[in-house]
Every structure is written in C-alpha cells, then in structure tokens.
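A short write-up of the structure that comes next.
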Amino acid sequence: MASLNVGNLGEYLREQRRTAQLSLRQLADAAGVSNPYLSQIERGLRKPSAEVLQQVAKALRISAETLYVRAGILDEREREELETRAVILADPSINERQKNVLLQIYDSFRRENGFDVAPDTGSEFHGAAEAKSRIDADADGGAESGAGPDARGPRAAGGSDADPPAN
C-alpha cells in the first residue's frame, strides 16, 4: 500500500500520542476508531475524515484545527482565524454581546488588511470605529443607549441593525 500525501499527520499523531503516554490501542479506544485504522493513519496509509480527526484530537486533548491543517483539510491561515475566534468565544470573562463586538472588530481589521471574511461572520457595523463606540457605550453602563443589565446588542435582543448611539 502506497503512502498518501497527508503531510506529516501520521508522524505528528504518533508524537502526540506518545507525549500523552497512550498506546495505539488506548488512543483508538478513546477516539472510537479501530486499532488497525489508527495504525494506518499513523503510517500515512489512510487519510482520515474530518470527523475522525476531531475524535482523535478530542482524545489527545489537542486542537482539531491543527490536525486539519496537517491533513491538508484546512489552510494554516484559516486555522489561525478559527483559533482566534474560538478563544474569543470561549472567554468566560466577557458576555455574548461583547464577544460579538470583538468578532466584528476582528472581521473589520481583516477586511481592512485585505483578507476575506466568511459571509456568516460579517459585521453588523461598518467599521472598527463604530464597533468601538459600541464598546464605549457598554463601558458607560449602557445608560445612553437605554440598555439594561440583560442587553446583548440589537441582533441578540431582536432589535434593528441601526447604528449605535454616539457618545
């Protein structure tokens, strides 16, 4: 059987498995795949699906996106963008509206620097300055915008996409 062109995925998986002090059989059981199948992936004889990579990543407690890049499923830039988004969304110290605003600013800067922004992540604001004014309004307790303690922004609250109030 000829080796497939899956980058250095197999070598990387073996290294991660050994670092986690797991046998091939233990990792296969934890990931819900067969021992021979996982062995073939490590030897570069099989190209796993994104679902299998996600299961293996979860079992190894590593980023699935990293495995996607190594398998050629995801571009490195896309991985970095996804990881940036994931970190923002996972931050427990900020509320959902604040996370949305940060993602909107991030998208605005990416567009400004010539990078594509996925259609479903487009900003409701027309630029970083408007998003910043939204953050500033939130820092003031939302008094000027009439926001209460449960306010989550116009979209989350079912409101309009109107521009935020000026300070």
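According to the UniProt record's numbering, the sequence shown is numbered sequentially starting from 1. In this text, a Cβ means the ideal position worked out from N, Cα and C, and glycines have one as well. Owing to the predicted nature of the structure, the values given are computational and were not obtained by experimental measurement.
For SER39 and ASP75, the gap between their C-alpha atoms comes out near 25 Å. The beta-carbon separation of ALA20 and LEU60, rounded to 6 Å, stays under the 8 Å limit for a contact. Beyond the five residues adjoining it in sequence on each side, GLN16 comes within less than 7 Å, by CB distance, of LEU60, ILE62 in the same chain, given in chain order.
Here ARG79 has GLU65, VAL69 as same chain residues with Cβ atoms under 6 Å from its own Cβ, once five neighbours each way along the sequence are excluded. Taking 8 Å as the upper bound for CB-CB distance, GLY10 and GLY44 are in contact here, some 4 Å apart.
ASN100 is bridged by DSSP to nothing; it lacks a bridge partner.
The C-beta of ARG18 has fewer than 16 other C-beta atoms within 10 Å across all chains shown, which makes the residue exposed.
Note on ALA71: 16 or more other CB atoms within 10 angstroms of its CB, so buried under the neighbour-count rule. Membership of LYS58 in the alpha helix (DSSP H) is indicated by the continuous run 50 to 60.
Relative to ALA30, the option among ILE105, SER49, THR84, VAL56 whose CA is nearest is VAL56.
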